[in-house]
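Heads up: the structure comes next, in structure tokens.
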Amino acid sequence: MDREEFRYWVDYVMEDGLKPPRIVVEGNGVDDWKSRVSLARWLSRKRYGKLEPAIKLFSSIINVGVTEPEDIENKAWALSDLGLCIWLVDEDAAKALTYLDMSIELAESTQAEFHFITRGELWAKRWQLLVKSGNGERAINEANDKIAQEFRMGLKSNSYLFHSYELKAQVAYEQGDIHLALCHYYQALAFFPHEYEDMNQLGEIWENRQDNPQETFDDMQNLTHHEVCWDI
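Positions 908 to 1139 (the numbering used here) are the ones given, in order, by the sequence shown.
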């Protein structure tokens, strides 16, 4: 993407009345890979749905070298977004998985703490794409392998375990077995950070599972959000 096209998409976003991140507006423009990622992330939001230019921008950072933890996190996040955008535009699962796998490999190349994404979340995106592309059994098998591996870690708030059980819950729910879905979701929440105060509601919510399983499932989903701190 050249400077003129980059500027066009910056103006496009700003004309909508919302302010994109400062790095997009005041940074070094198309010459700065972080500016390109930020603009791509903005364009790929549902509000805009401009996935083709987002793919072009995300693709431009594939070969960017990163060493600092925050840059590793940013690039890993961008690669996962690239994979998902490709799936939405072309439904090319193999190509999309290539970038999701690159994202996972990069994120797991460091033990540094991330602030915006979790490594378990990246695996979850891979599994969800497998399910959507007709490879649900493979996704479940990978989640089971991850559960067996991560249980040995003994960590209370483990994003790998949370997302593994969450996937199993989602698949069971889509197959019409809501009671199995509830059991898997309850297991998932055992590994969600419990210092989050709304988790105190779990006991009361769980008691409602026989009388109203659908309401229980919805309430359990509503307990979770991204603004928590994980051990891993």
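Backbone N, C-alpha and C fix where the C-beta goes; we use that ideal spot for every residue, glycine too.
Bear in mind that the values here come from a model prediction, so they are computed numbers and not experimental data.
| Asked | Found |
| --- | --- |
| Give every residue of the same chain whose Cβ lies closer than 8 angstroms to the Cβ of residue 935, excluding the five residues on either side of it in the sequence, and list them in chain order. | 942 |
| Drop a sphere of 10 angstroms on the beta-carbon of residue 1016, count the other beta-carbons inside from all chains shown, and report buried for 16 or more, exposed for fewer. | exposed |
| Report back the beta-carbon spacing between residue 1010 and residue 987 to the nearest angstrom; my notes put them in contact at under 8 angstroms. | 4 angstroms |
| Mark residue 1086 as exposed unless 16 or more other C-beta atoms lie within 10 angstroms of its C-beta, in which case mark it buried. | exposed |
| Taking the alpha carbon of residue 1024 as the point to measure from, which residue in 916, 1128 and 981 has its own alpha carbon closest? | 981 |
| Which residues mark the beginning and the end of the alpha helix (DSSP H) in which residue 1099 is found? | That residue, residue 1099, is in no alpha helix (DSSP H); it is neither H nor E in DSSP. |
| Where does residue 1126 fall in DSSP's three states? | helix |
| With respect to the alpha helix (DSSP H) encompassing residue 1070, which residues constitute its N-terminal and C-terminal limits? | 1066-1081 |
| Whole angstroms is fine: what's the gap from residue 964's alpha carbon to residue 1013's? | 19 angstroms |
| Considering only the alpha carbon of each residue, which of 915, 1099 and 970 lies closest to residue 1129? | 1099 |
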